[in-house]
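Working notes for the structure below.
Protein chains in written order, with this note's numbering: chain A, 2 to 364; chain B, 2 to 364.
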């Protein structure tokens, strides 16, 4: 079997994207939306990007069971057996553990990339080269590898990874993971050249991540170990087992539970034009601006005395605006949001307020 | 025949309400909208209000022919023969002339009130008493009577009428009509007690207004005089005559052509809680405010750090807004407008821009 046949991809696709409300909704989160107006959704673009590296039959989608039909509709190329449906939201550690046990049962020699479905990558050739380098590294080392993005600005919205000793090519030991810094610290990080954005994209072998889970979060490893022989290669048995077991797993991120604790953690520093599309402001920064410095997404806009705004509509609409500076104006599915970009961290609270006051359909 | 049977009402209903765009649209102007959320449109409320004073069979609606079906739908009580359909927009003088010739042909002893369809009147009992006083006056004097509203604020959006010698009850000779004043002058007007808002509501006999039109705008009078005997009592003949004649009339207001020139012009000063609903700001001023000083119309709104705004939606929508002060936020029929109240005089230009850039459906 050639090496490529042992390579797998796990696309994590269960988020609800509430920071892009009302454009992204609980019933149609942002990974399922043609966010950049390219004709492909973020999930589809993630799938397209990985096909050059990993065989189609080795690409798995992990999502919440409520999104099963969206995944099937958007990725008809993916076999049902490769869609892992979580019966509950338990953050990334149980999600990745399940995928690792599932893949290991199919192929004990498997290596895997784990990637969120909703990131944007602009330089796909560089992405491909970086991922190949990462696969080669984890296949020849007992290593947990995370991708660190070369920072282009003193971003305060991301965690950072400080690199330690250079091992090989673009790969170094991780010295520290940091929380989101304040602006002063972010400037220091940027100037140092030692700090990289934590992308949430990982590579490892199934064997290495299973070993790390056993050491770092033994409860989760034990839960997946408890499956009877043959469970992970029998779809009906696996579904029944997961329905019983998965909801009992603790909800914890892979970063917190494993990456910040294991001692074989490495970072590959990359610069393939990345955005996690985490916020409206990130989307604004990433998008082409018109002559007044506004961004418009899927809508016609006539703007007077307006700059620094992002206008986003799902559905056909003309927006006529006067006198707005640095606002988010988003209209979709019965909700209009008008909010200064500087207060976008309040959007989650707004969603909660809307749901409490006017019902779940506004979630 | 008792006096009431000679009283007629002409409701002018042909405006396009562009100052309330996008809520009011060329294909659905504001008089046809349930603007105040009462369950009745402004036209229906105008009709309801006059029924106590004038027999149903004497209430005429003058509108543009494109709005015929809207009028019939909203006022099924009105006989088709009482709906006068203008083949072209020619301002108020030709409209009123036609109605006067039409009514005079039915009833040479007729008196009439002429009123726009899109005003709001809050104290209907006082309105009724005022109109009865006005009818009694014009039926006993050779008089053109306009209603002057006691001003409650130094409004710069209205024309004013200065009263001269008191004649009888609330009725005085008109001393002058004024253009819209600046704020300084409006304050002087308000303090003087001599100046009243020009309401655009008129009373006169058919005989008196026809005489005045002959003197002040003889071309228009001659046009309507040119109808063959029996035209105005034969609907088919009248329609054919109007189709030929009306578009050739000069487009001019009754204020400019007659009221400011005739020498038998009187004003009845009234205070029945009036608004011409001329602008979003007027609607804001008239409407009840919530605790933050915002007005919401037909929509659910969650507002943070917002005050002095008017939110208006046609259709179901939740608006979530942060950090807006003194804005108009109006969403209807594929258009969202966000505009400071202080720049609402630009809305007409915005409609023109929208139409030029994106097509007539946005008009």
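Every residue, glycine too, gets a C-beta built ideally from N, C-alpha and C.
Model, not experiment: these values are computed from the prediction.
Give me the Cβ distance between residue i and residue j, rounded to the nearest whole Å; I'm assuming they're in contact under 8 Å.
i, j, result
"residue 299 of chain B", "residue 18 of chain B", "No, residue 299 of chain B and residue 18 of chain B are not in contact; Cβ-Cβ is about 16 Å, not under 8 Å."
"residue 170 of chain B", "residue 134 of chain B", "6 Å"
"residue 327 of chain A", "residue 309 of chain A", "4 Å"
"residue 223 of chain B", "residue 242 of chain B", "Not really, about 14 Å apart at Cβ, beyond 8 Å."
"residue 172 of chain B", "residue 218 of chain B", "In fact, because the Cβ distance is near 25 Å, the residues do not count as touching under 8 Å."
"residue 354 of chain B", "residue 303 of chain A", "6 Å"
"residue 63 of chain B", "residue 87 of chain B", "7 Å"
Residue i and residue j: beta carbons closer than 8 Å?
i, j, result
"residue 168 of chain B", "residue 197 of chain B", "no"
"residue 122 of chain A", "residue 15 of chain A", "no"
"residue 178 of chain A", "residue 199 of chain A", "yes"
"residue 341 of chain B", "residue 332 of chain A", "no"
"residue 204 of chain B", "residue 136 of chain B", "yes"
"residue 174 of chain B", "residue 166 of chain B", "yes"
"residue 34 of chain A", "residue 25 of chain A", "yes"
"residue 148 of chain B", "residue 60 of chain B", "no"
"residue 144 of chain B", "residue 216 of chain B", "no"
"residue 30 of chain A", "residue 336 of chain A", "no"
"residue 207 of chain A", "residue 53 of chain A", "no"
"residue 311 of chain B", "residue 278 of chain B", "no"
"residue 363 of chain A", "residue 319 of chain B", "yes"
"residue 94 of chain A", "residue 221 of chain A", "yes"
"residue 72 of chain B", "residue 9 of chain B", "no"
"residue 7 of chain B", "residue 108 of chain B", "yes"
"residue 214 of chain B", "residue 259 of chain B", "yes"
"residue 272 of chain A", "residue 162 of chain A", "no"
"residue 45 of chain B", "residue 119 of chain B", "no"
"residue 191 of chain A", "residue 248 of chain A", "no"
"residue 295 of chain B", "residue 359 of chain A", "no"
"residue 250 of chain B", "residue 91 of chain B", "yes"
CA-CA distance, residue i and residue j?
i, j, result
"residue 156 of chain B", "residue 346 of chain B", "15 Å"
"residue 329 of chain B", "residue 338 of chain B", "7 Å"
"residue 124 of chain B", "residue 69 of chain B", "29 Å"
"residue 83 of chain B", "residue 12 of chain B", "10 Å"
"residue 306 of chain B", "residue 325 of chain B", "7 Å"
"residue 43 of chain A", "residue 160 of chain A", "22 Å"
"residue 246 of chain A", "residue 268 of chain A", "32 Å"
"residue 66 of chain A", "residue 141 of chain A", "35 Å"
"residue 76 of chain A", "residue 352 of chain A", "29 Å"
"residue 139 of chain A", "residue 98 of chain A", "17 Å"
"residue 255 of chain B", "residue 185 of chain B", "28 Å"
"residue 100 of chain A", "residue 282 of chain B", "59 Å"
"residue 116 of chain A", "residue 349 of chain B", "51 Å"
"residue 154 of chain B", "residue 188 of chain B", "8 Å"
"residue 237 of chain B", "residue 280 of chain B", "38 Å"
"residue 4 of chain A", "residue 113 of chain A", "12 Å"
"residue 244 of chain B", "residue 85 of chain B", "11 Å"
"residue 289 of chain A", "residue 356 of chain B", "26 Å"
"residue 239 of chain B", "residue 270 of chain B", "37 Å"
"residue 234 of chain B", "residue 102 of chain B", "10 Å"
"residue 50 of chain A", "residue 27 of chain B", "49 Å"
"residue 261 of chain B", "residue 194 of chain B", "21 Å"
"residue 21 of chain A", "residue 36 of chain A", "10 Å"
For residue i, write down the residues that DSSP places opposite it in a beta bridge.
i, result
"residue 117 of chain B", "B:13"
"residue 276 of chain B", "B:121"
"residue 112 of chain A", "A:8, A:206"
"residue 308 of chain A", "A:326"
"residue 149 of chain A", "A:199, A:270"
"residue 341 of chain B", "B:328"
"residue 169 of chain B", "B:172"
"residue 87 of chain B", "B:65"
"residue 301 of chain A", "A:319"
"residue 26 of chain B", "B:29"
"residue 163 of chain B", "B:177, B:196"
"residue 255 of chain A", "Per DSSP, none; premise fails for residue 255 of chain A."
"residue 314 of chain A", "A:332"
"residue 296 of chain B", "B:311"
Determine whether the Cβ of residue i lies closer than 8 Å to any Cβ atom of chain E.
i, result
"residue 358 of chain A", "Included in the structure are the protein chains A and B, with no chain E among them."
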